Amino acid sequence: MKATFKILFFVQKTKIKADGTAPILARVTVNGDMVTFSTQKSVKPERWDSKAQRTPGRNQEEKDINTALDKIQTSAQNAYYDILAIGIDVTPDRIKMRAMGTEEKVPHSFMELCKMFIDDYEELVKAQGSGKETLFRYNVVKNRVEEFMMAEYKVTDMPLDGIDKRFLDKFYLWLRSAHNNANNTAVKVLQKMASIYKMGRDNGWIHKNPFAQIKMHLDPVDRSYLTKEEIEKVYNKQFTSKRLEAVRDMFVFSCYTGLAYIDLKQLTPEEIVEKQDGKKWIVTHRQKTKTNVNVPLLDIPLMLIDKYEGKAKNGLVFPVLSNQKMNDYIKEIIAICDIDKDITFHSARYADFFIMPIFGERNLMFSILAS
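Next up, the structure:
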């Protein structure tokens, strides 16, 4: 049912200021519910035309007041029709906040929603100091959706209600064909897209959920990892490229310590602690899960720390590249070493041996990996 909407302006004569003026208030009424708020303008009561709901406009000050009131009225009317078009409840408070510019702009399209979501996530990353890789992936999702819209529909944006089951099915197939994504990669893109879309549903900007209509399943993954002999082969390989050598060293360090990419990237000298027995340990916490990590450092990791001392920016231990570049170089390194396995930097966390020489029990290795 269409809502009834009305806005009027009046002078609050009971609040006369020292200069003889009184505040001009606005009252928005929707379906009998109302809210009254200050327009941040004031006028002498005798200079107010209650019938016209404006000043006579005889001088510049009065003309400026009338102009400000016109803007509030236009903004309130536009807010009313915008909220109706979105399909959410029209309330006096919503109109008031939008008319006075105190409410966030309601996104009408998926790209507007993406920008709002990513802007909020950036603020979260700044506050917590973590989550940069996840933020990067959300930006990738935004770019993929925009690229798909252009390829399939010849547009760079689409209304929120334009995202339906057919759109998602075609987007999944496009990811598999145009970008040669495996099922799991394409599904993870859709899952992050669903997280963005959920923000719109949680705020009442969208009422349907097309993601509930599609089946998203991850295929079981047989993780590839290097054996102790293969890691020794990689570590002992001589590279003419300093870049490949550096990536190799950081990969080997992760094999010996089990550190994830983001934890290695953010590792600081303060997180390398000497225990009472004189041995050095990494004492930190995982960025992803916030759980504690305590890893003893063997000879090779200690030598690698010394090798890169002072070479990283911002006082970090290692000069780590982006995750994508690290993975590209890892694949090149594995190929040069004649190892026929699909290895990424993340594979280092599943190295077959790195805890064995330290604890001698396989189950302890899994407990550290799980942390």
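Take my numbering: the last position of the sequence shown gets the number 491, and nothing is skipped along the way.
We put the beta carbon where it would ideally sit given N, CA and C, even for glycine.
Here the structure is a predicted model, which means the values were calculated and not measured.
Could you name the residues of the same chain whose beta carbon sits closer than 8 angstroms to that of residue i, not counting the 5 residues immediately before and after it, in chain order?
{"i": "ALA455", "result": "none"}
{"i": "THR159", "result": "PHE129, PRO143, ILE144, LEU145, ALA146, ALA188, LEU189, ILE192"}
{"i": "LYS135", "result": "ALA142, PRO143"}
{"i": "GLN173", "result": "LEU128, PHE129, PHE130, LEU189"}
Should residue i and residue j be called a contact, given that it needs their Cβ atoms to be closer than 8 angstroms?
{"i": "SER229", "j": "PRO279", "result": "yes"}
{"i": "LYS133", "j": "ALA142", "result": "yes"}
{"i": "GLN386", "j": "LEU436", "result": "yes"}
{"i": "ASN304", "j": "LEU338", "result": "yes"}
{"i": "GLU253", "j": "ILE382", "result": "yes"}
{"i": "VAL309", "j": "LEU295", "result": "yes"}
{"i": "TYR258", "j": "LYS312", "result": "yes"}
{"i": "PHE125", "j": "VAL150", "result": "yes"}
{"i": "GLU266", "j": "MET236", "result": "no"}
{"i": "VAL155", "j": "LYS246", "result": "no"}
{"i": "ALA302", "j": "TYR292", "result": "no"}
{"i": "ALA219", "j": "ALA196", "result": "yes"}
{"i": "TRP401", "j": "LEU418", "result": "no"}
{"i": "THR464", "j": "VAL415", "result": "no"}
{"i": "GLU288", "j": "PHE331", "result": "Just to set this straight, residue 288 is Leu in the shown sequence, not Glu. Closer than 8 angstroms, so yes."}
{"i": "SER344", "j": "ASP462", "result": "yes"}
Roughly how many whole angstroms lie between the Cα atoms of residue i and residue j?
{"i": "LEU346", "j": "TYR449", "result": "16 angstroms"}
{"i": "THR175", "j": "VAL131", "result": "11 angstroms"}
{"i": "LEU384", "j": "ALA298", "result": "33 angstroms"}
{"i": "TYR200", "j": "ILE192", "result": "12 angstroms"}
{"i": "MET269", "j": "ASP277", "result": "7 angstroms"}
{"i": "GLU349", "j": "ILE459", "result": "11 angstroms"}
{"i": "THR211", "j": "TRP168", "result": "28 angstroms"}
{"i": "ILE453", "j": "LEU364", "result": "7 angstroms"}
{"i": "LYS171", "j": "PRO165", "result": "13 angstroms"}
{"i": "TYR273", "j": "VAL261", "result": "17 angstroms"}
{"i": "GLY251", "j": "THR411", "result": "15 angstroms"}
{"i": "CYS457", "j": "TYR470", "result": "19 angstroms"}
{"i": "ILE475", "j": "ASP397", "result": "Confidence at ILE475 is low in this model, with a pLDDT of 41, below 50, so its placement is unreliable and the value that follows should be read with caution. Their Cα atoms are separated by approximately 19 angstroms."}
{"i": "LEU366", "j": "GLU352", "result": "This sequence places Ala at residue 366; Leu is not what is there. C-alpha separation (whole angstroms): 16 angstroms."}
{"i": "ASP209", "j": "ILE203", "result": "7 angstroms"}
{"i": "MET485", "j": "PRO340", "result": "Low confidence applies to MET485: its pLDDT is 37, below 50, so where it sits in the model is not reliable enough to give any reading."}
{"i": "GLU429", "j": "LYS290", "result": "50 angstroms"}
{"i": "HIS466", "j": "ILE420", "result": "19 angstroms"}
{"i": "ASP322", "j": "GLN180", "result": "46 angstroms"}
{"i": "LYS399", "j": "ASN434", "result": "26 angstroms"}
{"i": "ILE283", "j": "GLN248", "result": "32 angstroms"}
{"i": "ASP240", "j": "GLY221", "result": "19 angstroms"}
{"i": "ALA271", "j": "GLY320", "result": "25 angstroms"}
{"i": "LYS451", "j": "LYS335", "result": "32 angstroms"}
Identify, in the order they occur along the chain, each residue of the same chain with its Cβ nearer than 7 angstroms to the Cβ of residue i, setting aside the five sequence neighbours on each side.
{"i": "GLN333", "result": "LYS285"}
{"i": "SER162", "result": "LYS137, THR141, ALA142, PRO143, ILE144"}
{"i": "ALA468", "result": "PHE371, SER374, CYS375"}
{"i": "GLY177", "result": "LYS183, ASN186"}
{"i": "CYS496", "result": "Shown here, the chain extends from 121 to 491; a query on residue 496 therefore has no answer."}
{"i": "LYS395", "result": "TRP401"}
{"i": "ASN447", "result": "THR464, PHE465"}
{"i": "VAL148", "result": "ILE127, MET154, VAL155, ALA196, PRO212, ILE215, LYS216"}
{"i": "ARG406", "result": "ALA380, ASP383, VAL413, SER491"}
Among the residues of its own chain, which have a CB less than 6 angstroms from the CB of residue i, if the five just before and after it don't count?
{"i": "ARG482", "result": "Per-residue confidence for ARG482 stands at a pLDDT of 33, beneath the threshold of 50, marking its modelled position as unreliable; the derived number appears in the next sentence. Nothing meets the Cβ criterion."}
{"i": "ALA432", "result": "PHE438, PRO439"}
{"i": "THR404", "result": "GLU391, VAL413"}
{"i": "PRO227", "result": "LEU233, MET236"}
{"i": "ILE238", "result": "TYR258"}
{"i": "ASP153", "result": "PRO212"}
When the cut-off is 8 angstroms and only beta carbons count, does residue i lie next to chain B?
{"i": "ASN300", "result": "Protein chains in the displayed structure number just one, and chain B is not present."}
Checklist entry - Counting only runs that start and end within the segment 377 to 451, where is the beta strand (DSSP E) found for 3 or more residues in a row? => result The segment 377 to 451 contains these whole beta strand (DSSP E) runs: 392 to 394, 400 to 405, 412 to 416.
Item to check | Length at least 4, wholly inside the segment 290 to 360: the alpha helix (DSSP H) runs in chain order | outcome: As far as the segment 290 to 360 is concerned, its whole alpha helix (DSSP H) runs of at least 4 residues are 303 to 322, 348 to 356.
Next on the checklist: Count Cβ pairs between the segment 348 to 366 and the segment 385 to 403 that sit closer than 8 angstroms; are there 3 or more?
Outcome noted: The segment 348 to 366 makes no contact with the segment 385 to 403, as fewer than three CB pairs between them are under 8 angstroms.
Next on the checklist: Under 8 angstroms: do the segment 368 to 383 and the segment 438 to 445 share three or more Cβ pairs, one atom per stretch?
Outcome noted: The segment 368 to 383 makes contact with the segment 438 to 445; the number of CB pairs closer than 8 angstroms reaches 3 or more.
Next on the checklist: Under 8 angstroms: do the segment 321 to 336 and the segment 408 to 426 share three or more Cβ pairs, one atom per stretch?
Outcome noted: Because the criterion of three Cβ pairs below 8 angstroms is not met, the segment 321 to 336 and the segment 408 to 426 do not touch.
Next on the checklist: Could you tell me which whole beta strand (DSSP E) segments of length 3 or greater appear in the segment 137 to 215?
Outcome noted: Within the segment 137 to 215, the complete beta strand (DSSP E) runs of at least 3 residues are 142 to 150, 153 to 163.
Next on the checklist: My parser needs the beta strand (DSSP E) runs of 3 or more residues fully inside the segment 252 to 282; what are they?
Outcome noted: Runs found: none.
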